[in-house]
Amino acid sequence: MSRTANFDAIAVPYRTLEYLTLGKKLERTRLHFLDRVRTAHRALVLGDGDGRFLAQLFAANPKLQVTAIDSSARMLDLLQQRCALFADRLQTVQVDALGYIPSPSATYDLLVSHFFLDCFTERQLNELIGHIAPALEANAQWLLSDFRIPSGRMRLPAQVLVRSLYLAFHILTGLRTTSLPHHASCLSAAGFARVDRKLYLGGILSAELWRLQNPYDGP
Ligand SMILES: C[S@@+](CC[C@H](N)C(=O)[O-])C[C@H]1O[C@@H](n2cnc3c(N)ncnc32)[C@H](O)[C@@H]1O
Numbered sequence: 025m026s027r028t029a030n031f032d033a034i035a036v037p038y039r040t041l042e043y044l045t046l047g048k049k050l051e052r053t054r055l056h057f058l059d060r061v062r063t064a065h066r067a068l069v070l071g072d073g074d075g076r077f078l079a080q081l082f083a084a085n086p087k088l089q090v091t092a093i094d095s096s097a098r099m100l101d102l103l104q105q106r107c108a109l110f111a112d113r114l115q116t117v118q119v120d121a122l123g124y125i126p127s128p129s130a131t132y133d134l135l136v137s138h139f140f141l142d143c144f145t146e147r148q149l150n151e152l153i154g155h156i157a158p159a160l161e162a163n164a165q166w167l168l169s170d171f172r173i174p175s176g177r178m179r180l181p182a183q184v185l186v187r188s189l190y191l192a193f194h195i196l197t198g199l200r201t202t203s204l205p206h207h208a209s210c211l212s213a214a215g216f217a218r219v220d221r222k223l224y225l226g227g228i229l230s231a232e233l234w235r236l237q238n239p240y241d242g243p
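This note's numbering applies: residue 25 is where the sequence shown begins, and numbers increase by one.
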């Protein structure tokens, strides 16, 4: 039995479900640092879902070449439709990100993952980053968004929201992850340093920009 969550069934209603639960908050979080990645040349985009962010990234950056990977065929269909204007700069790969190994000639100066790292445990994230790291250029950027549990009065609402989302995704997609990984320690261990962050929704949503400081030098 496959252990990869399958987002096919919720690919089409995903946008509506998102707007119904959190309005435009996720969209704002994804787009917060768009201006800061306009000069990237080659991006690896992980689990972009229906391609809403990627279409904006292409429009903002006329030279960018993108490899977009996702395990969901339906999500990739929607992404291709939404990014049809930019098809000559887009390569899609349907694959479990945990098994994705970039080709030896591939190099990336930008990684993007919005609300994607939370599909994995920390052990899985370390594995995923270890596969991708050899393809990263010095000073590569990583643009990401994720949920977080803030301290203070928003802690309980955040815990309830995140638990409810994991339960919903477990039922709808078979996702097995049940808690947020500490992605910051995984990125730091891989040589990235966070250069900026913007919090939304009382600190429950985090837009982050990371930069590779100590490039990977092999196992
Ligand atoms: C929670 S959705 C996030 C979608 C979008 N990035 C966003 O900001 O809303 C997770 C996305 O990652 C994909 N995904 C989940 N697990 C995956 C895996 N193991 N390998 C590749 N893609 C995966 C799903 O198909 C989906 O498109």
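Using N, Cα and C, we set each Cβ at its ideal position, and we do this for glycine too.
Computed from a predicted structure; not experimentally measured.
Counting along the chain, Asn150 sits inside the alpha helix (DSSP H) bounded by residues Glu146 to Ile156.
Under the three-state reduction of DSSP output, Arg172 falls in the coil class, being neither helix nor strand. Collapsing the DSSP output to three states places Gln237 in coil. Closer than 6 Å to some heavy atom of ligand 1: that describes the Cβ of Thr28.
With fewer than 16 other Cβ atoms inside 10 Å of its own Cβ, Ala217 counts as exposed. Contact check for Ser95 and Ala111: beta-carbon distance about 21 Å, past the 8 Å limit, so the pair fails to qualify. For the 7 Å CB-CB criterion, Ala231 and His56 form a contact.
Residue environment: Gln115 is assigned as exposed (fewer than 16 neighbouring CB atoms within 10 Å of its CB, all protein chains considered).
One thing to note: Phe31 has its Cβ no nearer than 7 Å to the Cβ of Arg54. In the same chain as Leu102, and ignoring 5 residues on each side of it, the C-beta atoms closer than 7 Å to its own belong to Ala35, Asp74 and Gly75, in chain order. For Phe31, the CB falls within less than 6 Å of some heavy atom of ligand 1. Shortest Cα-Cα distance from Phe139 to any of Arg235, Glu146, Asp220 and Phe171 involves Phe171.
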